[in-house]
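A.B. asks: Have a look at this one.
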Amino acid sequence: MKKHILLLFIALISFGIFGCNKEIPEYTVEEAFSLMNDAIDNYLNAESLSLEYFGEYAASNYNNSEIMSVKMKNMNSTDLIGKVKMEITENDTFFTSQVDYSEGIIYTYRLMDDTEDFSKKATEYLEYQNLYQSFLKSTCDYAQTRNVQIVVDTDTLTVNFEYHQDLVEDTFFVSNVMQSVSFATVSITLTHDAKLLSFIVTYDATISSVVGTESYQVNILKLDQYIIIDQLSNSQKTNYVEVTTDES
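Residues in the sequence shown are numbered consecutively from 0, following numbering that gives the first Met the number 0.
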């Protein structure tokens with residue numbers, strides 16, 4: 000009797016170990032790339048998102064690093080609400096900034112060397128949304144890639160590739176002070192149901208004839224999920240001074 004119970008126990012344990020194992024999906028490179036583009040489309044068409052951004056540009060004469068937290072909801076509508084918090088280091092200068100958006104107005108707070116600056120400006124919602132969603136602007140053209148590799152596990156798919164320099168600016172974030180960019184090295188991770196999780200982009204870029212390296216990583220914390228955004232109160236908004244487009 001004890002032997003039968005022991006065998007039953009072993010069988011149950013074995014089923015628990017092996018029966019719960021997930022299978023690793025199989026993809027061709029083209030199938031993986033297509034699913035990646037579906038995930039990018041879902042990101043671009045999201046109604047709400049929360050993400051964190053880590054970026055750095057390094058050259059012999061200039062270094063810039065940024066840490067950013069981005070939250071937006073009611074996207075692609077005039078009811079857009081957003082809050083972006085930034086920590087920025089330019090060479091030896093450090094400052095923090097918070098950029099809120101509601102009811103068609105951008106509220107920008109900046110703190111540097113114990114000096115605070117408050118400004119506000121009427122702005123179309125798409126200008127704000129596109130700026131803080133611009134780390135990834137469009138799907139990728141498979142025909143313009145090289146060295147495509149995929150890594151698959153039970154939960155995620157990662158697509159690694161190099162992307163043609165002529166399309167980098169249209170697809171990823173490129174600062175308007177950069178005169179030229181190289182092929183980009185890209186790594187995009189997603190779930191098997193086309194939910195974007197993270198992406199890393201690296202490329203060489205020229206600023207004032209000096210070549211440096213731009214590299215950034217974005218982690219998607221929430222996409223089309225309930226997001227709480229702590230909005231400015233009416234009393235807080237009175238601290239902000241309106242500026243014109245030329246002044247901002």
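Quick reminder that beta carbons are idealized off the backbone N, C-alpha and C, glycines included.
With residue 39 as the anchor, note down where its alpha helix (DSSP H) starts and where it stops.
C.D. replies: Looking at the DSSP string, the run of the alpha helix (DSSP H) that includes residue 39 is 28-43.
A.B. asks: To the nearest angstrom, report how far apart residue 168 and residue 130 are at their CA atoms.
C.D. replies: Cα to Cα, residue 168 sits roughly 13 Å from residue 130.
A.B. asks: With a threshold of 8 Å, establish whether the CB of residue 98 neighbours any heavy atom of the ligand HEM.
C.D. replies: In the structure shown, the ligand HEM is absent, as is every other ligand, since no ligand is present at all.
A.B. asks: Could you tell me the alpha carbon to alpha carbon distance between residue 206 and residue 163, rounded to whole angstroms?
C.D. replies: The alpha-carbon atoms of residue 206 and residue 163 are separated by roughly 19 Å.
A.B. asks: Where do the N-terminal and C-terminal ends of the beta strand (DSSP E) with residue 234 fall, by residue?
C.D. replies: Note, residue 234: premise wrong, no beta strand (DSSP E); alpha helix (DSSP H) at 233-236.
A.B. asks: So, are the CB atoms of residue 189 and residue 212 less than 9 Å apart?
C.D. replies: It is not a contact, given that the beta carbons lie outside the stated cut-off.
A.B. asks: Are the stretch 53-69 and the stretch 178-187 touching, with three or more C-beta to C-beta distances below 8 Å?
C.D. replies: With a cut-off of 8 Å, the stretch 178-187 and the stretch 53-69 do not count as touching, because too few Cβ pairs lie within range.
A.B. asks: Does the beta-carbon of residue 23 have 16 or more other beta-carbons within 10 angstroms, so that it is buried, or is it exposed?
C.D. replies: Result: exposed.
A.B. asks: Measuring only the C-alpha atoms, how far is residue 247 from residue 232?
C.D. replies: Confidence at residue 247 is low in this model, with a pLDDT of 49, below 50, so its placement is unreliable and no value can be given for it.
A.B. asks: In the DSSP assignment, the beta strand (DSSP E) including residue 167 goes from what residue to what residue?
C.D. replies: Where residue 167 is concerned, there is no enclosing beta strand (DSSP E), although the alpha helix (DSSP H) it sits in stretches over 164-170.
A.B. asks: Does the distance from the C-beta atom of residue 34 to that of residue 191 stay below 9 Å?
C.D. replies: For residue 34 and residue 191, yes; Cβs fall inside 9 Å.
A.B. asks: Enumerate, from N- to C-terminal direction, the unbroken alpha helix (DSSP H) stretches of 4 or more residues contained entirely within the stretch 110-173.
C.D. replies: With a minimum length of 4 residues, the continuous alpha helix (DSSP H) runs that stay inside the stretch 110-173 are 124-131, 164-170.
A.B. asks: Helix, strand or coil: which one does DSSP assign to residue 95?
C.D. replies: Three-state result, residue 95: strand.
A.B. asks: By the three-class DSSP mapping on this structure, what secondary structure does residue 76 have?
C.D. replies: It is coil, neither helix nor strand.
A.B. asks: Please report the Cβ distance between residue 119 and residue 100, rounded to the nearest whole angstrom; I am assuming they are in contact, meaning their Cβ atoms lie under 8 Å.
C.D. replies: With a Cβ gap of about 10 Å, residue 119 and residue 100 do not count as contacting.
A.B. asks: Under a three-way DSSP split, which group does residue 21 fall into?
C.D. replies: Looking at residue 21 - three-state DSSP - the assignment turns out to be coil, as it is neither helix nor strand.
A.B. asks: Name the DSSP beta bridge partners of residue 203, please?
C.D. replies: 212.
A.B. asks: Can you tell me the Cβ-Cβ gap for residue 222 and residue 108, rounded? I've got them flagged as a contact below 8 Å.
C.D. replies: Their Cβ separation, rounded to whole angstroms, is 27 Å, which puts residue 222 and residue 108 out of contact at 8 Å.
A.B. asks: In angstroms with no decimal places, state the Cα-to-Cα distance between residue 134 and residue 74.
C.D. replies: One C-alpha to the other measures close to 16 Å.
A.B. asks: Taking the continuous beta strand (DSSP E) assigned at residue 187, which residues delimit it?
C.D. replies: Where residue 187 is concerned, the enclosing beta strand (DSSP E) stretches over 183-190.
A.B. asks: Could you say which of 237, 153, 158 lies nearest to residue 20 if we only look at CA atoms?
C.D. replies: Selected option, being the one with the closest Cα: 153.
A.B. asks: Have a look at the DSSP bridge pairing and note the partners of residue 58.
C.D. replies: BP columns for residue 58 are empty, so no partner.
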